[in-house]
Amino acid sequence: MAADLHPDLQALAPLLGTWEGRGSGEYSTIEPFDYVEEIAFSHVGKPFLAYSQKTKGVADGKPLHAETGYVRVPEPGRVELVLAHPSGVTEIEVGSYRVAGDVIDIELATTSIGLTPTAKEVSTLGRSFRIDGDQLSYSVQMGAVGQPLQHHLAAVLQRKS
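This is the structure we're talking about:
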């Protein structure tokens with residue numbers, strides 16, 4: 019029997035499910051690239067959503083990036099994102115969400131970044147999500163390897179399930 023969604027998460031219920039789509043990335047220190055992506059949000063009845071993400075190259079289908087973590091809602095309108103990356107980076111982002119009809123806008127910025135001794139230097143991150151019916155779009159800004167905060171990723175995904 020499936021657990022009921024925790025009441026604190028009701029406003030973010032439209033996130034639940036699996037999303038697939040395509041995105042593009044760029045950064046001042048690398049060549050632009052395209053990717054395909056799958057994101058999943060799930061729950062177990064506790065006051066958090068589980069989050070997982072993985073990308074593959076468009077041209078060759080090889081894995082590019084993955085991240086996993088949790089979305090927490092400490093109070094209405096506020097959101098926290100806790101993520102781990104296999105590249106040796108952990109991040110905590112905090113921000114807000116706004117619901118207007120079928121549209122949810124989420125804005126987040128890092129408050130803490132952890133790096134393993136061999137991880138590339140990442141100093142700041144920010145994310146924007148928009149859920150509009152069965153479409154999820156996002157952008158990621160990053161400051162890393164001595165570069166200032168700048169646009170890094172953008173994608174549009176459709177609800178798969």
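Going left to right, the sequence shown walks through residues 19 to 179 as the working numbering numbers them.
Yeah, the Cβ is synthetic: ideal placement off N, Cα and C, and Gly gets one too.
Query	Result
At what residues does the beta strand (DSSP E) containing Ser60 begin and finish?	Ile48 to Ser60
Use the C-beta contact count for Gly113: other C-beta atoms within 10 angstroms, 16 or more gives buried, fewer gives exposed.	buried
Between Val127 and Glu139, which are expected to be in contact by the criterion C-beta below 8 Å, what is the C-beta distance as a whole number of angstroms?	One point to set straight first is that residue 127 is Ala, not Val, in the sequence displayed. Wrong, their Cβ atoms sit about 18 Å apart, outside the cutoff.
With DSSP as the reference, label Pro101 as helix, strand or coil.	Residue identity differs from the one stated: residue 101 is Leu in this sequence, not Pro. Strand, per DSSP.
Taking the CB atoms as reference points, tell me whether Ala58 and Gly106 lie closer together than 7 Å.	no
DSSP three-state label for Gln153, please.	strand
How about Leu175: is its Cβ closer than 6 Å to a heavy atom in the ligand FMN?	For the structure depicted, the ligand FMN is absent and the ligand set is empty, with no information on it obtainable.
Taking the alpha carbon of Val117 as the point to measure from, which residue in Asp150, Ser130, Arg90 and His103 has its own alpha carbon closest?	Asp150
What is the rounded straight-line gap between the Cα of His61 and the Cα of Ala31?	10 Å
Determine the DSSP secondary structure at Leu143, reduced to helix, strand or coil.	strand
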